Amino acid sequence: MTTANKTHKVTLIPGDGIGPEITEAMKSVIEASGVSIDWEVQQAGEAALEATGELLPESVLESIRRNKVALKGPLTTPIGHGFRSLNVTLRKELDLYTNIRPAQSFHGTGARYDGVDIVLFRENTEDLYAGIEFEKGSEGVRRIAEIVEEMGAGTIREDAGLSLKPISVFGTRRIMKAAMDYAVANGRKKVTIIHKANIMKHTDGLYLKVCREVAAEYAEIAPEIEVDDLIVDFACTRLVTNPERFDVLVCPNLFGDIVSDLCAGLVGGLGLAPGANIGDDCALFEPVHGSAPSYAGQNLSNPTALILSAVMMLRHLGEQCAAERVHKAIAEVIEEGKVITYDLMRMREGTTDGSSGTKEYAAAIVAKLQN
Ligand code: NAD
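For the numbering used here, count along the sequence shown from 1 and bump the result up by 17.
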């Protein structure tokens, strides 16, 4: 069942490298789900740079602001030309402050663990990702070093570069509230705050304090949800020894980035890791992985992470039934293991022999949906 007669308009950014081919695969699956989507295709990244001279044309942001919902393939950020990460820019421009990265096991992947069901909330706008950086030898480093020394806060070597780590009450409150609201709405049992408050008292320490305050506000309305916290390094140990201990995680930006890749590894790698970036006005869905340029155009890549990102988008659009059907179809194809991409075959059988291409894998999912 789908939302009766409703066509959803969605901005679609196919992206660079493997982006266009996994996007075609994703579109075929979503079409087979029966949901009507009017894709407004926009180019960003290398594709846009070639066509318009800009990596992120204003028209892309306008399209997302207009449609409120976007689905995006991976973008290549050219190295060494002073380009800021496009993904970071998109998240900041649209104030997409909540990054949700689920890591859920599928039976039959051959991944090291089964039964993992973790949903990681990553703060998306602050921390060392805020992009406040000063180059070695710059006026910025010199002036900050002066202030730091004057205030007796320490010394910064002349030949150092600097990145600032702002963490605010405002930014922390809203990510913790997003994680708690998700836990309440989805019947989750536990929210674990990840931090390094023992070392960075005024950033992670503040983050932990504010997260605990928010948790206390939820204690009355959602007493069934347990909230605990773990220092990030120990959390990594526990994640690889007892991943089933975890439910919802809430992390500052940088730890969220790293720990979510770790979680993706628990369930079978980047080919299976979807993501959502949510703000108060807009939502942008995208896989965790990058553009894997060496695999581009070879019909080899796994489109599951992008399809699962589209499943998250369907839920956001209120198309719950279609979302469940697509998820189930993917699970069946992976469990059968007959038509799977090279990364899944390697994990399952230890060899890529007998693996299928991106198109064939998507066609197997489509066939399940049409059954
Ligand atoms: P990557 O995720 O593109 O690739 C790392 C490796 O993971 C690949 O070599 C491949 O072995 C595997 N892999 C990734 N996606 C896969 C898929 N769908 N199916 C099968 N295997 C897959 O990371 P990278 O090589 O560090 O980055 C390449 C480019 O992507 C860089 O320009 C980087 O800036 C960009 N990037 C973009 C995003 C994004 O758009 N959200 C995220 C990360 C990296």
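Quick reminder that beta carbons are idealized off the backbone N, C-alpha and C, glycines included. Keep in mind the model is a prediction, meaning the values are calculated, not measured.
Query, Result
"Spatial distance of R205 from E237 (CA atoms)", "16 Å"
"L10 vs L113 beta-carbon contact at 9 Å", "This structure cannot speak to residue 10, because the chain is shown only from 18 to 388."
"Any alpha helix (DSSP H) of 4 or more consecutive residues that is wholly inside the stretch 122–202", "156–167 and 186–202"
"K89 beta carbon near ligand 2 (any heavy atom closer than 8 Å)", "What this structure holds is ligand 1, not ligand 2."
"Beta-carbon spacing of V257, I211 below 9 Å", "no"
"Exposure of E167, with buried meaning 16 or more beta-carbon neighbours within 10 Å", "exposed"
"Residues near L66 by beta carbon distance below 6 Å, same chain, minus five either side", "L72"
"Contact with chain D by R139, beta-carbon distance below 9 Å", "You won't find chain D in this structure, because it holds only one protein chain."
"Integer Cβ distance of E156 from P269, believed to fall under 8 Å", "About 29 Å; that fails the 8 Å criterion."
"Proximity to L331 [Cα-Cα], best of E48, P37 and I39", "E48"
"Same chain only: Cβ atoms within 6 Å of H333, ignoring 5 sequence neighbours per side", "A300"
"CB of T115 within 9 Å of CB of I173, strictly", "no"
"Contacts around S373, its chain only, beta-carbon distance under 7 Å, and the 5 residues preceding and following it disregarded", "V356, I357 and T358"
"Where V356 sits in the DSSP three-state scheme", "coil"
"Nonlocal neighbours in the same chain, by C-beta distance under 8 Å from T24, ignoring five residues either side", "S53, I54 and D55"
"Exposed unless 16 or more other CB atoms sit within 10 angstroms - verdict on K89", "buried"
"Beta-carbon proximity list for V77, same chain, < 6 Å, skipping 5 on both sides", "Q59 and A61"
"6 Å CB neighbourhood of I135 in its chain, flanking five on each side removed", "A120, F263 and C280"
"Between the CA atoms of A379 and L289 - distance to the nearest angstrom", "14 Å"
"Classification of N104 by the beta-carbon crowding that lies within 10 angstroms, buried from 16 upward", "buried"
"For S53: DSSP bridge partner residues", "T24"
"Contact between the stretch 304–313 and the stretch 339–356 (3+ Cβ pairs under 8 Å)", "no"
"CB contact flag (V13, A327, <9 Å)", "The question about residue 13 has no answer, for the chain in this structure spans 18 to 388."
"CA nearest to the CA of L384, picked from I347, T94 and Y130", "With the sequence shown as reference, residue 384 is identified as Ala, and Leu is not the correct amino acid for it. A384 has its Cα closest to that of I347, out of I347, T94 and Y130."
"Any non-hydrogen atom of ligand 1 closer than 8 Å to L223 Cβ", "no"
"As assigned by DSSP and simplified to three states, the class of K207", "strand"
"The beta strand (DSSP E) enclosing K89, as first and last residue numbers", "V86 to K89"
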